[in-house]
Each structure stands twice: as structure tokens, then as C-alpha cells.
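First up is the structure itself, then whatever we jot down about it.
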Amino acid sequence: MKTLRDAEVGSTVAVVGLHGEGPVKRRIMDMGITKGVEIRVRKVAPLGDPMELNIRGYELSIRKADAEMVEIR
Amino acid sequence: MELKIALAGNPNSGKTTLFNSLTGSSQYVGNWPGVTVEKKEGRLKGNKEVVIQDLPGIYSLSPYTLEEVVSRTYLVTQKPDAILNIVDGTNIERNLYLTTQLLELGLPTVVAVNMMDLVRKNGDQIDLNKLGRALGCEAVEMSALKSQGSIEAANKAVEAARAKKANGPLRMYTGCVEKAISQIETVISDKVDAQYLRWYAVKLFERDEKVLEELRLTGSVKQDVENAAVACEKELDDDAESIITNQRYDFISGIVAKAVKKKREKHGLSASDKIDQIVTNRILALPVFAVIMFAIYAIAMGGYPFSIGTMGTDWVNDVLFGEIVPGALDSILGVLHVEGALYGLIQDGIVAGVGAVLGFVPQILVLFFFLAILEDIGYMARVAFIMDRIFRRFGLSGKSFIPMLVATGCGVPGIMASRTIEQDRDRKMTIMTTGFIPCGAKMPIIGLFAGAVFGGSSLVAVSAFFIGIAAVVISGIMLKKFKAFAGEPAPFVMELPAYHLPSAGNVLRATWERGWSFIKRAGTVILLSSIVLWFLQGFGFTDGSFGMVEDNNTSLLAAIGNAVAWIFAPLGWVGDMAWKATVATVTGLIAKEEVVNTFGVLYHYAGELSETGDEVWNLIAADFTALSAYSFMIFNLLCAPCFAAMGAIKREMNNTKWTLGAIGYMCGFAYVIALIVYQLGGLITGEVGFNIFTIAALAALAALIYLLFRKGYQPDGHYSVNAKMSASAR
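Right, here's the structure in full:
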């Protein structure tokens with residue numbers, strides 16, 4: 001299974017689904033990471049974490065540990 | 074008739090600007106009941122019977138964050154007459170997500186699309202008619218920063234409130250989802266307010282814990298609701314919460330495709346993104362950050378000729394409270410024939426005490442001003458992004474970095490800056506640890522001992538700084554293992570809002586609000602404590618009678634100092650200096666620079682003391698050993714901060730128990746560290762023999778190590794990333 005954590009900087013990926021449950025998952029979904037949406041991975045922070053994503057026309061930052069919940073294609 | 078209009082929208086949507094321009098100066102600021110979420114309301118300019126209730130900036134109405142729960146509780150229980158939903162036109166897709174939830178509440182709603190000037194500048198188009206029709210409510214445009222369309226939008230909301238017309242039904246859910254929600258509506262229709270029927274049905278479908286708790290469904294109703302949800306989950310092979318979120322976003326994508334035309338290609342770089350290519354660049358981000366912070370501190374608290382703040386502070390200290398105020402009071406008191414004790418109280422007690430604190434005001438205002446600009450343009454989110462990795466290590470998030478950074482100047486604004494941390498747990502922990510950072514007022518203490526006892530070694534100052542940082546780190550790791558602070562690190566799912574020009578109104582308002590609360594404290598707590606301290610220092614029993622004393626060794630303060638000095642004996646505060654050190658510590662609570670002043674007074678130095686107090690160095694060197702000086706320094710750097718900072722802690726905690734807990738924790742931590750350093754350090758150097766406190770110090774060290782490395786409390790609900798898809802797992 002490929003997750004958002006493994007996505008390369010500069011690549012554009014499509015979300016297959018989200019794993020896990022609870023507040024963090026809900027927050028991620030609320031911010032627009034839902035099934036089928038396209039994400040462009042913009043960059044990672046200077047110290048290697050978190051990562052910056054472009055999604056639904058805005059910039060979102062998310063920790064790699066949380067990005068692991070997002071399955072991509 | 075009074076009308077209540079709720080102002081709702083995402084963070085960074087321009088809500089604060091809109092609220093300020095709609096209500097002007099008629100604002101009331103408080104807290105939502107029981108929580109530290111700020112509550113603002115005000116009356117609409119030109120229409121005093123309309124009350125605008127500002128809701129916290131939120132992304133959703135989920136049951137998981139304090140702000141969201143406060144907002145939805147208000148919307149459902151207080152039934153505002155209308156909702157004015159502000160939507161950022163440059164980020165419309167995600168902003169409409171909250172809109173779809175607000176519309177389900179069945180309240181009259183007006184959608185105001187903000188930043189339309191920027192939308193046009195980007196070459197994009199938003200068709201407001203199509204948008205309004207798709208949402209079933211009125212959609213208007215505005216540019217809150219330029220005050221265009223703000224009042225018009227508010228008036229539309231007033232009209233909607235008067236007409237009491239709720240928006241039309243949304244065709245948001247498709248297939249089995251709509252079917253399931255309709256079924257739930259049927260079974261609960263006699264249990265909830267008809268207006269909120271759809272809201273409750275959707276929330277029950279999602280199995281929203283707060284709504285389940287509120288409605289307490291039983292028997293067949295409960296079963297019917299659950300069956301409807303489960304059937305739909307099975308059909309779509311997903312969990313209910315995800316199903317609803319997906320359908321909302323699908324619905325929004327449909328609207329956006331019809332009503333919005335974007336010029337820029339998908340994932341293209343905006344002007345803001347181009348700035349971020351440098352500002353959050355992998356290599357440049359940290360140097361850029363360092364330069365910005367250095368520049369701000371140079372201007373706020375640095376030296377001449379750059380620092381406006383220092384010039385202002387010197388003027389307040391030397392001229393305003395050095396000459397003008399005492400001079401003016403002298404002549405007034407002379408005319409009134411005020412002499413003796415009362416004169417002393419006013420000049421030496423009140424003017425000197427309050428003046429010492431007000432002296433910081435210019436520096437603090439300059440600092441607040443620049444920090445407000447950084448906040449307003451959107452840079453603070455980038456700071457959190459850059460620093461998160463480090464702070465996560467010891468249980469805090471990148472957002473905790475900002476308060477600590479500010480605290481190197483002054484702890485009061487530092488503690489106040491913790492407001493921006495949404496997670497309650499993280500905020501409390503940040504408040505508790507921010508005071509450990511050596512602030513500007515602690516510098517004279519370090520300077521005094523470095524000069525008097527350590528031969529001016531700069532290592533002392535460096536070690537003091539590292540002790541402060543280490544105290545934050547150790548506390549973070551330790552506290553995180555207690556139940557009250559335990560849990561997954563707060564999710565760091567944070568928007569990096571597009572940069573925009575600062576609004577003069579917002580910046581000045583924020584600067585003044587924070588500055589004023591600082592000044593207000595100088596007028597209350599500090600004023601009172603100055604009076605008390607002056608009295609205790611100047612009066613005492615001599616030859617069996619009570620009165621003013623010439624020698625403050627016989628003052629009440631000395632008596633109190635002597636009476637409690639035994640507490641600090643294990644820290645090596647013994648002999649002649651014991652009561653002086655104790656009193657200096659107590660006066661340090663008023664303001665940390667008081668410690669140095671107190672030593673000056675207590676060591677009988679008549680005359681003006683320089684900031685490092687080098688005039689009394691010899692006397693202090695005779696009384697303190699290197700070790701006891703270090704133990705004194707550590708205790709004073711880490712123990713309870715000054716009254717002003719304690720006031721800030723109380724205000725931000727908004728809870729007496731937590732305030733006392735935080736202050737108690739700091740004092741306890743300071744005591745333990747000073748004890749370990751003095752007793753074990755003394756054993757090694759041979760200064761202190763093996764005694765009962767050596768055992769206490771060893772025990773404290775062992776406890777500290779245990780608390781650092783124990784496994785800690787494991788909360789339930791620990792999510793597993795590798796779990797199967799939650800729907801199939803259920």
C-alpha cells in the first residue's frame with residue numbers, strides 16, 4: 001500500500017482512501033483530503049517534517065506520521 | 074426588536090477584519106462559558122439593535138475541537154436570528170465545506186464571498202447568482218480589507234433575519250445516503266426541533282458522540298438509526314463520517330465547476346507560493362527566520378540607534394518616572410503639605426514600583442506591533458511549519474515555539490501568545506513552561522552573580538539560557554506522561570494561509586489590546602504589591618515599639634525573611650545571606666529585576682545602583698560561595714515568574730486550579746533542581762558534607778529520572794495507522 005508519506009516532492013497523487021479513525025482522520029478529511037482528490041506534494045519542512053501539500057486550491061501542512069493514514073495511487 | 078447575527082467562517086477568511094469594521098469600537102470581549110476560547114460580540118454600526126456574535130474561526134462543525142463545539146452549541150441552543158457566513162473567495166472550495174454544514178442548521182443564512190478584489194486580480198471569476206442558487210441562499214461579494222460590501226452583507230443578513238426565511242433544501246447527498254438520512258429524520262422527528270431536523274439526522278448518521286449524548290436515544294429508535302447508517306456503510310464500503318465528508322466535497326466540487334472560473338492551472342503557483350519558495354525553502358527557511366527575529370528584537374529591545382523600543386523605555390525610566398512624575402508629585406505634595414510616611418509611600422513605593430513595570434511598555438508595544446504584523450500577514454503559520462519537528466520531540470507542537478520566542482523578551486506577551494494554540498492540552502503545557510525561558514528582566518540577576526562571584530564569566534549567562542531551555546524540554550517530556558497531558562500529539566494539520574498585506578486596523582488593535590492588558594496590570598496588581606512591599610520594608614519593631622525603621626535589617630520584611638529562610642537552607646542559602654536571599658526572591662515576584670535592587674538596598678548601598686549592581690559585588694562575593702550563588706540563580710530563574718506573568722497565566726488558564734498548579738509546578742521544579750545542584754555539587758566539591766538533604770537530593774534526582782523515562786499514561790482510542798479500513802473493521 002502506498003501512502004502520502006512516501007509521495008515524492010513535486011509529484012501529484014490521487015487519494016484512494018483514508019485509514020484509521022478518530023479526530024485526526026476527521027480533521028484531515030475536513031481539510032479536504034477525501035477519496036479521489038488530487039494532491040500536489042509541494043515540499044517538506046527544513047528539518048524533514050511536516051510536509052506541505054497543495055490541495056483544492058490552497059496550501060496545507062501535515063505531519064508525515066499523519067500522512068501515513070492517506071492511501072494514494 | 075433586538076436581532077442576533079452569528080458571524081461564522083474559516084480561520085484566515087477575513088472574519089476579524091469584517092467583525093471590526095461592522096462593530097467598530099462597540100465590542101465586548103470575554104470567554105465562552107467554561108473554556109478559554111475568546112468570545113467577542115458587538116453592535117452593528119448604524120443599527121444598534123443588531124448584535125453581531127463573532128464565532129471562533131473554524132473549518133468544520135465536528136465534535137472534536139473546543140472551538141467547533143462552542144460554535145455549534147451556540148448555533149443550536151441560542152438560535153441566532155441569522156448566520157452571516159464569510160467565505161474566502163480565493164480559497165472557495167475548502168471554505169464552502171463549513172458553509173454546507175451551516176446551511177443544514179435551517180437558520181436564515183447569507184454567504185458573503187470575501188476577497189473578491191483578489192479573486193478578480195488573479196483573473197478568476199465567481200458567479201454569485203449561480204453560487205447562491207446552488208446553495209439555496211443569498212450570496213454577496215465583499216472585500217473586508219477595503220471595507221467594500223461589508224455593511225451591505227450585514228444588511229442582507231439583517232433582512233434574512235427579519236424575513237425568518239430559512240434557505241431552501243440542499244440536494245447534497247445522493248443515493249443511499251439521502252435515503253438513510255431521510256429515514257433517520259422520520260424516526261427522530263418528534264424528538265428534535267423541526268428547524269434542526271436535518272442537522273440532527275446527519276449528525277446521528279455520522280454517530281457524532283456529542284449529539285448521541287445529548288439525545289440519548291433508546292430502544293427501537295436507536296436501533297432504526299443505527300440500521301439506517303449500517304446499511305448505507307455496507308453499500309458504500311466506507312464509514313459514515315467519511316461518507317458524509319466525501320459527499321459534501323463532491324457537492325462542492327460540482328458547484329465550483331459551475332460557478333467558479335479559475336485562470337491559474339490546477340496546482341499552479343500563486344504569488345504567495347512564490348514567496349514561500351524562499352521563506353519555507355529547505356535551506357533558506359531557518360536563516361530567513363533568524364534574520365527576521367533578530368531584526369524585530371534589535372528594533373524592540375536592542376541598543377541605540379536602531380531600537381525605538383529601548384529609546385522609549387529609557388525615556389520612561391529616566392525622564393518620565395525619573396524626573397517628570399516625581400517632580401510634579403513633589404510640587405503637588407508640597408502644596409498639600411504631605412510629608413513623612415505618606416510622602417515615602419507615594420514616591421518610593423508607588424511611583425518607583427509602578428514606574429519600574431511601566432518602563433517596559435514602549436519595548437513591549439514595539440514587540441507586539443511587529444508580532445501582530447507577522448501574525449496578520451500569515452508568517453506565524455510558517456514558523457510553526459518550520460519548527461514543528463523540533464518541538465514535537467518533547468510533546469509540544471511547532472505552534473509552541475512562538476510563545477517561547479516572545480518570552481525571551483518578556484514572559485507576559487509570551488504567555489499571552491499561547492492563545493494561538495488550539496489544542497487545550499498543548500496550550501496549558503506551553504503556558505506552564507514558557508516562564509522557564511530567561512526573560513529580559515532575569516538578565517540583571519545573571520549579570521550580578523556572573524560579575525560578583527564568577528569573575529564575569531560569560532559561561533554563566535550561556536548556562537542560564539541552556540538551563541531555561543532544558544527546563545522546558547524536561548518539563549515537556551515529564552508532563553506529557555501524566556494523564557492530564559497524555560495522548561497523541563495534537564494533530565498538526567494546519568493551513569498555510571496565503572500571504573496578504575497587513576491591515577493597519579487589525580495590527581494596531583491587536584497591539585493595543587495586548588499592551589493595554591499589560592498596563593492595566595501595572596495599575597492593579599503591581600500597584601498593590603508595591604504598597605505592601607514598601608510598608609514591610611520601611612516599618613518594623615525597634616526597642617519594643619512599632620514604627621518606621623532606619624535600618625531595614627529590623628524591618629518586618631527582614632523578620633518575615635528570617636522566619637521563612639529555613640525553607641531555602643537545603644539550597645545552601647545559609648548564614649548572613651539567608652534572609653537577604655529569601656527577601657530578594659520574594660521581591661523578585663514583583664518584577665525579576667527587583668532581585669538586584671533588593672540586594673542593593675539590603676547590602677546598604679546608598680545611591681543609584683547600576684543595572685548589574687557591580688557596586689555591591691564585593692559584599693555579595695563575601696556572603697555567597699560559587700555553589701550557593703549558582704543555586705540561588707537557578708532557583709530565581711526557574712521559580713514562579715513575576716506577578717505580571719502570573720496574572721497572564723491566570724488569564725490564559727482561566728481557571729484557578731490550573732493557575733495555582735502551574736505556579737506551584739514552576740516553584741517545585743526550581744526547588745528540586747537547585748537542591749540537586751547544591752547538595753550533589755557540594756558533595757563532589759567537598760563544600761557540603763553528607764547529610765539528610767543529600768539523600769533528599771538523590772531521591773529527587775532518581776524521581777526526576779524515573780518521571781523522564783517511565784512509560785507514562787496510555788490513553789484509550791490510540792489510533793493505529795496500519796489498521797484496516799475502519800469501515801470494514803467495524
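Sequence order for the protein chains is A and B. By my numbering, the letter at position 3 of the first sequence is numbered 3, and the numbering carries on one by one without gaps. By my numbering, the letter at position 194 of the second sequence is numbered 267, and the numbering carries on one by one without gaps. Note that CB positions come from ideal geometry on N, CA and C, so glycine has one too.
Quick check on this structure: which residue in the options has the alpha carbon closest to the alpha carbon of residue i?
i, options, result
"Leu-26(B)", "Gln-256(B), Ile-369(B) and Arg-206(B)", "In the structure displayed, chain B extends from 74 to 803; residue 26(B) sits before or after that span and is not available."
"Phe-467(B)", "Met-551(B), Phe-742(B), Asn-764(B) and Glu-225(B)", "Met-551(B)"
"Asp-323(B)", "Ile-254(B), Thr-173(B) and Ser-255(B)", "Thr-173(B)"
"Pro-23(A)", "Phe-742(B), Met-719(B) and Glu-141(B)", "Glu-141(B)"
"Val-479(B)", "Val-689(B), Val-298(B) and Ile-510(B)", "Ile-510(B)"
"Phe-716(B)", "Ala-632(B), Lys-665(B), Ala-226(B) and Val-669(B)", "Lys-665(B)"
"Phe-443(B)", "Asp-497(B), Ile-381(B) and Asp-387(B)", "Ile-381(B)"
"Lys-238(B)", "Leu-180(B), Gly-741(B), Met-706(B) and Glu-314(B)", "Leu-180(B)"
"Val-545(B)", "Asn-764(B), Phe-367(B), Glu-760(B) and Met-739(B)", "Met-739(B)"
"Val-659(B)", "Leu-630(B), Trp-639(B) and Pro-643(B)", "Leu-630(B)"
"Gly-48(A)", "Arg-465(B), Lys-347(B) and Asp-310(B)", "Arg-465(B)"
"Met-460(B)", "Thr-34(A), Pro-50(A) and Gly-32(A)", "Pro-50(A)"
"Glu-623(B)", "Thr-597(B), Leu-675(B), Ser-701(B) and Gly-588(B)", "Leu-675(B)"
"Glu-38(A)", "Arg-26(A), Glu-59(A), Arg-63(A) and Ala-65(A)", "Glu-59(A)"
"Gln-610(B)", "Ala-330(B), Ile-131(B) and Gly-417(B)", "Gly-417(B)"
"Pro-435(B)", "Asp-403(B), Gly-385(B) and Gly-524(B)", "Gly-385(B)"
"Gln-268(B)", "Pro-242(B), Glu-282(B) and Leu-208(B)", "Pro-242(B)"
Beta-carbon of residue i versus every beta-carbon of chain A: anything under 7 Å?
i, result
"Asn-164(B)", "yes"
"Ser-223(B)", "no"
"Leu-569(B)", "yes"
"Tyr-779(B)", "no"
"Phe-92(B)", "no"
"Leu-80(B)", "no"
"Pro-84(B)", "no"
"Val-434(B)", "no"
"Pro-564(B)", "yes"
"Arg-355(B)", "yes"
"His-340(B)", "yes"
"Tyr-572(B)", "no"
Using the three-state DSSP reduction, which class does residue i fall into: helix, strand or coil?
i, result
"Ile-131(B)", "coil"
"Met-505(B)", "helix"
"Phe-619(B)", "strand"
"Ala-679(B)", "Note that Ala-679(B) scores a pLDDT of 48, beneath 50, so its modelled location is shaky and nothing firm can be said."
"Glu-211(B)", "strand"
"Ser-628(B)", "strand"
"Gly-26(A)", "The sequence given here places Arg at residue 26(A); Gly does not occur at that position. Arg-26(A): helix per DSSP, three-state reduction."
"Ile-749(B)", "helix"
"Lys-307(B)", "helix"
"Phe-614(B)", "strand"
"Asp-161(B)", "strand"
"Gly-173(B)", "Here the sequence assigns Thr to residue 173(B), which means Gly is not the residue at that position. If DSSP states are grouped into helix, strand and coil, Thr-173(B) belongs with the helices."
"Tyr-572(B)", "coil"
"Arg-206(B)", "helix"
Any beta carbon from chain B within less than 7 Å of residue i's own beta carbon?
i, result
"Leu-47(A)", "yes"
"Glu-8(A)", "no"
"Ser-61(A)", "yes"
"Arg-27(A)", "yes"
"Val-70(A)", "no"
"Arg-5(A)", "no"
"Arg-56(A)", "yes"
"Arg-40(A)", "yes"
"Gly-31(A)", "Correcting the residue identity first, residue 31(A) is Met in this sequence and not Gly. So, interface residue."
"Lys-35(A)", "yes"
Are the region 599-607 of chain B and the region 484-495 of chain B in contact at 8 Å, needing three or more beta carbon pairs? In short, these stretches do not touch, since the Cβ pair count stays below three.
Tell me whether the region 214-228 of chain B and the region 181-196 of chain B touch, counting them as touching only if at least three CB pairs, one residue from each stretch, are closer than 8 Å. Look at the beta carbons and you see the region 214-228 of chain B touching the region 181-196 of chain B: at least three pairs across the two are nearer than 8 Å.
Minimum length 3: unbroken beta strand (DSSP E) runs contained in the region 1-73 of chain A: As for any beta strand (DSSP E) of minimum length 3 sitting wholly inside the region 1-73 of chain A, the runs are 12-18, 38-44, 51-55, 58-62 and 70-72, ordered along the chain.
Stretch-stretch touch, CB-based, cutoff 8 Å, three pairs: the region 231-250 of chain B with the region 93-105 of chain B: As far as the Cβ criterion goes, the region 231-250 of chain B does not touch the region 93-105 of chain B, which means the pair count is below three.
In chain order, what are the residue ranges of uninterrupted alpha helix (DSSP H) at least 4 long that sit wholly in the region 322-383 of chain B? For the region 322-383 of chain B, the full-length alpha helix (DSSP H) segments reaching 4 residues or more read 344-352 and 358-374 along the chain.
Closer than 7 Å, Cβ to Cβ, to anything on chain D: give me those residues from the region 449-474 of chain B, in chain order. The displayed structure is made up of protein chains A and B, and chain D is not among them.
Which runs of the beta strand (DSSP E), 3 residues or longer, sit entirely within the region 211-238 of chain B? Whole beta strand (DSSP E) segments, 3+ residues: 211-214.
At what residue ranges does the region 458-535 of chain B contain a whole run of the alpha helix (DSSP H), taking only runs of 4 or more? The qualifying runs are 474-480, 484-489, 497-507 and 516-525.
Taking contact to mean 3 or more Cβ pairs, one atom from each stretch, closer than 8 Å, check whether the region 637-645 of chain B and the region 490-507 of chain B are in contact. By the criterion of at least three beta-carbon pairs nearer than 8 Å, the region 637-645 of chain B is not in contact with the region 490-507 of chain B.
Which complete alpha helix (DSSP H) runs does the region 694-744 of chain B hold, if anything under 4 residues is left out? Qualifying alpha helix (DSSP H) stretches, in chain order: 699-711 and 716-726.
Taking contact to mean 3 or more Cβ pairs, one atom from each stretch, closer than 8 Å, check whether the region 246-261 of chain B and the region 269-286 of chain B are in contact. Under the 8 Å Cβ criterion, the region 246-261 of chain B counts as touching the region 269-286 of chain B, having at least three qualifying pairs.
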